[in-house]
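One point on numbering: in this note's numbering, the residue at position 73 of the sequence shown is 62, and numbering is uninterrupted.
Positions of the beta carbon are idealized from the N, C-alpha and C atoms, including for glycine.
Bear in mind that the values here come from a model prediction, so they are computed numbers and not experimental data.
Notes follow the structure.
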Amino acid sequence: MDNISPIPEKLIKKMIKVAKETRKNAFAYRSMHKIWASVLMWDGTIIWWCNVEWVISWLWICAERCAIDNSISNWEYDIVAVCTVDTKFTPTCGACLQYIMLFSQILDRDIWIINWDIRWHYKIQPLSELLPDWYKTKTNLQLMKKYIKQQIAKKNKK
Ligand SMILES: [Zn+2]
């Protein structure tokens, strides 16, 4: 597939490779539908995680959100792209798109969504195209921006 994003092909392949390496960690005991995700940061850092299924089905969490939460735990917020890896083409779900959209609002720029399947086909689309309208909150957004600024300042002090 043509790469229409500003992300170099080499970096996309690296994201896919990193996501694929999490295969053994996917926790999909019930559906056996294992999905892996990686998140590319502005500085080139790539952080990953897998989906986690739980006994109570509404507590299941997608790989994309797990990978982003892992990024947050590493004080990494500057998201450029989110990539999923599955054996078949699986688009990112609406809940994850909304989750990622919050970062797009915080960063005030689009984020690229990459969905890859085992045959080395992938689709790369801007988040704004996949979710042209979304839930918006001004107060929480300002609080979150302030908090992230403080977290980055703490990180830079280390
Ligand atoms: Zn999802």
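For Met4, the enclosing alpha helix (DSSP H) starts and ends at -2 to 9. Sorted by chain position, residues whose beta-carbon lies closer than 7 angstroms to a non-hydrogen atom of ligand 1 are Cys51, Glu53, Arg54, Thr81, Cys82, Ala84, Cys85. In the DSSP assignment, Ile36 falls within the unbroken beta strand (DSSP E) covering 35 to 39. Among the bridge pairs identified by DSSP, Gln114 is matched with Ile102.
It is roughly 11 angstroms from the alpha-carbon of Ile102 to the alpha-carbon of Cys82. Non-local beta-carbon contacts of Lys23 in its own chain, meaning distances under 6 angstroms to residues more than five positions away in sequence, involve Ala15, Ala17 in chain order.
From the listed residues Gln114, Leu91, Tyr111, Asn104, the smallest Cα separation to Leu132 is found for Leu91.
Shown here, Ser93 sits in a helix according to DSSP, grouped into three states.
Proximity to Lys143 across Trp109, Tyr88, Trp64, Val71 peaks at Trp64, based on C-alpha coordinates. Counting the other Cβ atoms within 10 Å of the Cβ of Trp25 gives 16 or more, which makes it buried. DSSP places Ala70 inside the beta strand (DSSP E), whose first and last residues are 68 to 75. Between the stretch -6 to 3 and the stretch 49 to 63, the count of Cβ pairs shorter than 8 angstroms is below three; the stretches do not touch.
CA-to-CA, the gap between Ser117 and Ala70 works out to about 12 angstroms. Boundaries around Leu29 are those of the beta strand (DSSP E), 25 to 30, since no alpha helix (DSSP H) includes it.
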